[in-house]
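One structure is given here, and the rest of the page talks about it.
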Amino acid sequence: MAIRADDMIDRRRLRRKLTFWRVLAILVAALAIGIGSLWLAGDDLAGVAGDHIARVRIEGTITEDDELIERLDKVRASSAVKGVILSIDSPGGTTAGGEAIFDAVRRLAADKPVVAQVGTLAASAGYMIASATDHIVARKSSIIGSIGVLVQFPNLTGLMDKLGITLEEVKSSPLKAEPSPFNPTTEPERAMIRSMILDSYDWFVGLVVERRPLTHAEVMVLADGSVFTGRQALTKKLVDALGGEEQAIKWLATKGVDAKLKVIEWKPKSKSASSFLFADAAARQLARLLGLPDYSADIVRELGGDRIFLDGLLSVWHPENAVSGH
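In my numbering, the protein residues as written are 22 to 347.
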């Protein structure tokens with residue numbers, strides 16, 4: 022009987038242990054699901070981290086980025102965020118994309134102090150976005166500026182002549198779907214595009230005049246497409262200070278933000294596999310067109326090959342054209 026009683030006690034102990042571990046496993050699984058849900062929502066746990074300074078990275082070629090705009094709006098709505106650092110490293114991109122992000126940054130700056138910290142580059146639409154903040158910090162060797170707008174389109178008429186290809190079209194008016202890479206560009210077509218460019222250029226200049234301590238005449242001198250080092254940009258009042266994130270935090274402290282707060286990066290949602298595969302396929306196709314092996318696709322992307330596929334009015338700095346100021 023004593024042996025059976027001991028067996029029963031051991032079984033009860035075993036059941037208690039199993040129940041404990043089962044409950045613990047359920048709690049761990051629930052916590053993992055909760056963390057995963059927050060991550061998939063794009064908050065990266067920033068919303069449950071307590072008071073902090075939010076860092077948002079804006080990098081690469083700029084387009085209309087709904088996810089980034091939504092993230093900036095979430096940062097604005099978070100009571101835990103006391104200040105914001107925009108970490109900018111971009112050559113620019115589409116003018117409309119820069120405008121959308123500029124507006125989102127201004128909404129954010131209406132509620133929280135926002136500072137831009139420029140890394141290697143903040144040019145064209147990249148600088149447009151930086152100017153939406155209330156303070157710009159750049160490295161001494163950062164590349165700043167390239168204020169301007171352009172439209173680029175290929176001319177394939179010479180190639181078509183060599184291949185014996187002609188284009189037949191019927192359209193409602195002469196300027197419909199023009200300029201076209203399949204026809205020589207006429208003066209009325211150039212005038213139409215130039216009118217669009219100058220209107221967007223005036224708007225871009227107006228933003229800089231509004232956001233920087235410069236007169237319209239002073240901005241016009243700088244807005245010829247030129248780029249400047251961070252040191253030059255400081256003397257020309259395109260930036261406010263030289264340094265890195267530490268300098269940005271010091272400025273936030275002057276706005277009442279505790280400099281000892283932790284800086285937490287609000288990361289983007291993971292990109293969908295389909296978007297990644299499309300971008301990868303485009304880069305590989307471009308590599309093949311250039312006569313390069315498939316593994317060169319990564320190199321093409323790093324060299325800014327994605328800019329070739331931009332459409333519409335552009336505010337982007339092309340290093341190959343830097344000498345001519347485009």
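A virtual CB, placed ideally from N, CA and C, is assigned to each residue, including glycine.
| Check | Outcome |
| --- | --- |
| Mind pulling the alpha helix (DSSP H) runs of 4 or more residues that sit fully within the region 62-146? | 87-98 and 116-130 |
| Would you be able to state if there are at least three C-beta pairs under 8 Å between the region 188-199 and the region 109-116? | no |
| Could you check the C-alpha separation between S152 and S162 for me, to the nearest Å? | 18 Å |
| Going by DSSP, name the residue or residues bridged to L263. | A159 |
| Whose C-beta lies closer than 6 Å to the C-beta of D110 among residues of the same chain, with five residues either side of it excluded? | E80, G140, T141 and L142 |
| Kindly indicate which three-state DSSP category R230 falls into: helix, strand or coil? | Note that residue 230 is Val in the sequence shown here, rather than Arg. In this structure, V230 counts as helix in the three-state DSSP scheme. |
| Would you tell me roughly how many angstroms separate the C-alpha atoms of Q138 and I165, rounded to the nearest one? | 12 Å |
| Provide the residue span of the beta strand (DSSP E) that contains L335, from first to last. | L335 to V337 |
| Three or more C-beta pairs under 8 Å: does that hold for the region 85-96 against the region 119-138? | yes |
| Among all the DSSP beta bridges, which residues are the ones paired with F249? | I165 |
| Buried or exposed: which applies to W338, given that a residue is buried once 16 or more other Cβ atoms fall within 10 Å of its Cβ? | buried |
| With which residues is E286 paired in a DSSP beta bridge? | R76 |
| Can you find at least 3 beta carbon pairs, one from the region 173-191 and one from the region 264-283, that sit closer than 8 Å? | no |
| Would you call T154 buried or exposed, if buried means 16 or more other Cβ atoms sit within 10 Å of its Cβ? | buried |
| Excluding the five sequence neighbours on either side, which residues of its own chain have a C-beta within less than 8 Å of the C-beta of E199, listed in chain order? | T206, T207, E210 and M213 |
| Report the option in T236, G246, Y222 and D124 whose CA atom is closest to the CA atom of D87. | D124 |
| If you scan the region 174-227 from start to end, which runs of the alpha helix (DSSP H) of 4 or more residues do you find wholly inside it? | 178-184 |
| What's the gap between the Cα of L263 and the Cα of L89? | 26 Å |
| Can the beta-carbon of V260 be found less than 8 Å from the beta-carbon of A101? | no |
| Count the other CB atoms, across all protein chains shown, that sit within 10 Å of the CB of R215; report buried if there are 16 or more and exposed otherwise. | exposed |
| For K103, which option in I186, T275, G246 and K258 has the closest C-alpha, if you only look at C-alpha atoms? | T275 |
| With a threshold of 8 Å on Cβ separation, who are the neighbours of G265 within its own chain once the five nearest residues in sequence on each side are excluded? | Q138, V158 and R160 |
| Could you check if E287 is buried or exposed, using at least 16 other CB atoms within 10 Å of its CB as the buried criterion? | The residue you asked about is not Glu; residue 287 is Trp in the sequence shown. Under this definition W287 is a buried residue. |
| For the candidate residues R76, Y148 and Y222, whose alpha-carbon lies nearest to that of T250? | Y148 |
| Once you ignore the five residues that flank D72 on each side, which residues in its own chain have a CB closer than 7 Å to its CB? | A101, K103 and L282 |
| Taking the alpha carbon of L228 as the reference point, which residue from K183, Q253, D279 and S145 has its own alpha carbon closest? | S145 |
| Any idea what DSSP makes of A294, helix, strand or coil? | At A294, the pLDDT of 42 sits below 50, so the modelled position is not reliable; the number obtained from the coordinates is stated separately. Reduced to three states, the DSSP call for A294 is helix. |
| Could you tell me how far apart the beta carbons of R76 and V284 are, in whole angstroms, since I believe they sit closer than 8 Å? | 5 Å |
| Just the C-alpha distance for S221 and V105, rounded to the nearest angstrom, thanks. | 29 Å |
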